[in-house]
Structures are given as C-alpha cells and as structure tokens.
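Per my numbering, the very first residue in the sequence shown carries number 610; after that it's consecutive.
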Amino acid sequence: MGTDLQPDVRKGTAGAADQRLVGYHTDALLFEAVLGSGAMGVVYRGRQVRLDRLVAIKVIAAHLAGDPAYVDRFNREARTLARLHHPGIVACYDFGPLPGPAGETLLIMVMEFVDGSSLGDLLKSRPMGVRAVLELHRQAAEGLAAAHYAGVVHRDIKPDNIMVTRDGLAKITDFGLAKCDDNASLTQVGLLMGTPAYMAPEVCAGGVPTPSSDLYSLGCALYAALVGEVPYPSPSSLESIQLHLKAPVPAIAGRRPELAMLDGLLRRLLAKAPGERCASAQQLAKELATVIPLVPEQLMCGRRPAKAHASNPDLQTVMQSAATIAVPADQRLPPSRRTVSQLLPVVHASV
C-alpha cells in the first residue's frame with residue numbers, strides 16, 4: 610500500500626487503452642503523450658492551453674473513479690498539495706472531473722511537470738556519487754520541513770516518491786497517504802499505511818505518524834541509497850515490520866567504513882524512539898549540508914550482494930521469529946548545483 614502514480618512513472622508499457630487520450634483536448638487541456646501507467650491509472654504529459662504550460666495529468670482508472678473511498682483519498686491528496694508551496698514539493702494546479710471523449714467523465718489531477726526521474730529509478734540505472742545523493746536528501750529534507758510546517762505528514766517517503774529534475778533538484782511527490790493536522794480521517798490507531806521497507810517503528814506498531822516518522826523513512830531511503838539496500842531487507846511485509854520494531858539499528862560504518870562520518874547521523878535517523886531522532890527536517894537539512902563537504906568526491910554509492918544480510922545473526926534471529934509475532938493493530942540553504950551536476954547521472958523522461 611502507498612504506491613501511487615507520480616508525474617514520471619514509467620514502470621510499465623503503455624497499452625492501447627492508455628494511448629487513447631493522446632491528442633485529446635478540451636478548452637483547457639491538451640493530452641500530448643503517455644508518461645507512464647499503473648494499476649491506479651495513467652499519467653500523461655499535457656499542456657494547459659491558455660497558459661501554454663507543460664503539465665503532468667494524472668487520470669485515475671475508471672474502476673477507482675467510481676470508488677468513493679479512493680475518490681476521497683484522491684481529493685485529499687490534491688487539497689494537501691494545494692496548501693504546500695515549496696520548490697521541493699511537486700505542485701498541484703487543479704483537480705476534479707473533466708469531460709472526456711465519447712461522453713465519459715475523467716477524474717484528473719493537473720500537476721507540475723517534472724522533467725527527470727524518480728530517485729528510485731536513478732539509483733537503479735547506474736552508480737551515483739555519495740555527495741550527490743546526500744545533496745538530494747538534503748533538498749528532500751527541506752521539502753519535508755515545508756510540509757511539516759504546514760501541518761502535513763507525508764507518511765510514504767521513499768526513493769520512488771522523490772523526483773529529480775534535469776537540473777538535479779529533488780521534489781517530493783505522492784501525498785496520497787498524507788496526514789494533515791485538520792484531517793483525522795487517516796489517523797486512527799492501528800491503521801497501517803505506507804511502504805513497509807521504509808516505515809517507522811511507531812507506525813509499524815499502529816501508532817499515529819508524526820514528522821519524526823517521515824525523518825525515519827528518509828533515513829531508510831538515504832541508507833538504502835548509500836549501501837544498496839534498505840536497512841532491514843526482508844522478503845515479506847510482516848518480516849519488514851518486525852525488523853523495524855525489533856532489529857538493532859544497522860551501522861553504516863560496518864558496511865562502508867569510508868562513510869563513518871555519516872554513522873552518527875544515520876543512527877539517529879533510524880532510532881527506534883522518535884525522540885532520539887533529529888529534532889526536525891530543517892535540522893536534518895542543516896546537518897547534511899555540514900557533512901557533505903567531508904565526503905570525498907570520488908565516493909560512489911554501493912551495492913550489496915544478494916542475501917548477504919543472512920550473515921547478520923541479529924537480523925536472522927528477528928526474521929526467524931517474525932512469522933510467530935503478531936503485528937500490533939493498534940535556514941533554507943541554496944542547492945549545491947555543482948555537486949549534483951558533476952556527480953548525478955540524471956535519467957531524463959522518455960517522452
């Protein structure tokens with residue numbers, strides 16, 4: 610749960626049904642090309658006709674457009690994005706029903722067009738420099754700081770939800786699971802929402818997510834980028850949840866001694882208790898800005914051999930017992946363009 614369409618999703622091949630809107634236009638919008646598709650619908654590169662502005666148009670799948678619960682989530686995501694104004698957050702320009710071809714009604718969201726790729730796709734495409742990855746996470750932390758200041762907890766921070774532009778700027782997307790201070794509809798104790806591999810322990814235990822939960826998730830994303838896998842790799846969601854709850858915090862110094870200068874920061878981000886983590890996303894951004902110059906420029910993000918985690922007895926012990934444990938129910942700093950442009954191999958949108 611928690612995987613939603615983004616303005617640059619290219620995880621599947623667009624079929625004929627996806628292509629049917631290409632070339633379709635109204636007085637306000639022109640559908641130009643398919644950017645990607647998934648179970649939730651299709652994302653198109655489009656254009657706002659009156660403004661002549663490139664946009665991403667998210668069209669929700671017909672079976673979901675008729676589901677009141679999903680429509681409520683969709684509307685909540687749009688309204689959440691509308692209250693957030695920050696260069697590190699993908700903007701929402703409009704949403705709602707749109708007359709489609711053959712008299713049908715489309716449920717759409719018009720969003721900022723991100724000419725780039727998700728961080729998740731970048732990490733899979735080729736090695737990335739450590740400095741560049743740290744800078745992208747610093748920018749993501751600033752975007753989170755803006756969201757938290759507005760009373761919004763993202764709840765699903767992960768590499769696939771961090772977009773990277775052609776200029777190497779990070780933008781957070783997919784606020785479909787976000788919790789707002791003025792919206793308690795998704796804050797019930799015991800309701801698990803998010804991606805297990807990046808989920809904070811207090812969320813795994815069924816607690817209400819807080820800004821600190823987002824910082825934990827961002828810490829998982831950073832660890833995964835640097836090492837090549839998430840802090841607690843496991844084959845199932847249940848095991849992943851139990852590892853977040855029970856397993857010792859991994860030390861990056863043990864995996865990559867040359868990154869020992871990051872060990873203290875990562876240990877705090879991945880602390881089991883929210884109160885032991887960084888005090889805020891803004892503080893995290895400042896700490897990352899301080900540590901980036903300490904990292905040798907030639908260092909690249911690493912890869913770990915498959916199943917290597919089995920040699921860790923602490924992880925093995927928790928994983929072996931996971932199946933028998935029930936899941937609880939219940940400032941602003943200018944971006945370092947030089948760092949990113951020199952070390953970040955951006956994969957551009959194929960449109």
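Glycine residues also receive a C-beta, built at the ideal position from the N, C-alpha and C atoms.
Quick caveat: nothing in here was measured; it's all calculated off a predicted structure.
Output the distance between the C-alpha atoms of residue i and residue j, rounded to the nearest integer angstrom.
i, j, result
"Val812", "Tyr633", "43 angstroms"
"Pro842", "Gln851", "11 angstroms"
"Gln892", "Val631", "44 angstroms"
"Gly803", "Ala787", "10 angstroms"
"Leu871", "Val664", "38 angstroms"
"Val658", "Leu827", "37 angstroms"
"Cys910", "Val836", "6 angstroms"
"Met649", "His757", "27 angstroms"
"Asp627", "Arg735", "29 angstroms"
"Arg629", "Pro677", "25 angstroms"
"Met772", "Ile666", "16 angstroms"
"Ala642", "Val652", "9 angstroms"
"Lys895", "Leu878", "14 angstroms"
"Gly712", "Ile766", "38 angstroms"
"Leu638", "Asn684", "20 angstroms"
"His672", "Asp703", "21 angstroms"
Let me check one thing: in DSSP terms, what residues is residue i bridge-paired to?
i, result
"Thr714", "Pro708"
"Tyr841", "Partner(s): none; Tyr841 has no beta bridge."
"Tyr653", "Val643, Ile666"
"Met909", "Gly738"
"Ala779", "Val773"
"Cys813", "Cys813 is not bridged to any residue."
"Arg699", "Looking at the sequence itself, residue 699 is Val, so the reference to Arg does not match. The partner list for Val699 (beta bridge, DSSP) is empty, contrary to what the question assumes."
Can you name the start and end residues of the alpha helix (DSSP H) that residue i belongs to?
i, result
"Val643", "No alpha helix (DSSP H) holds Val643; the beta strand (DSSP E) holding it covers 638-647."
"Ala691", "677-691"
"Ala898", "890-900"
"Ala674", "671-674"
"Val836", "820-836"
"Ala862", "861-864"
"Arg886", "Where Arg886 is concerned, there is no enclosing alpha helix (DSSP H), given that its DSSP letter is neither H nor E."
"Leu871", "Element bounds for Leu871: n/a, residue is neither H nor E."
"Ile850", "846-855"
For residue i, which of the options has the nearest alpha-carbon?
i, options, result
"Ser726", "Ala691, Arg775, Ala898, Glu713", "Arg775"
"Ser847", "Val699, Pro810, Glu744", "Note on residue identity: the sequence assigns Leu, not Ser, to residue 847. Per the Cα distances, Pro810."
"Val719", "Val699, Gly712, Gly729, Pro710", "Val699"
"Gly675", "Val651, Gly738, Pro706, Glu744", "Pro706"
"Phe640", "Ala890, Leu715, Leu743, Lys767", "Leu715"
"Leu906", "Val739, Ala670, Arg685", "The amino acid occupying residue 906 in the given sequence is Glu; Leu does not appear at that position. It is Val739."
"Val904", "Glu744, Leu753, Val761", "Glu744"
"Val742", "Glu867, Ala833, Val668, Phe722", "Ala833"
"Ser849", "Ala860, Thr689, Cys829", "Cys829"
"Gly729", "Thr689, Glu838, Thr635", "Glu838"
"Thr689", "Val762, Arg864, Asp823", "Val762"
Kindly indicate the opening and closing residues of the beta strand (DSSP E) around residue i.
i, result
"Gly725", "725-727"
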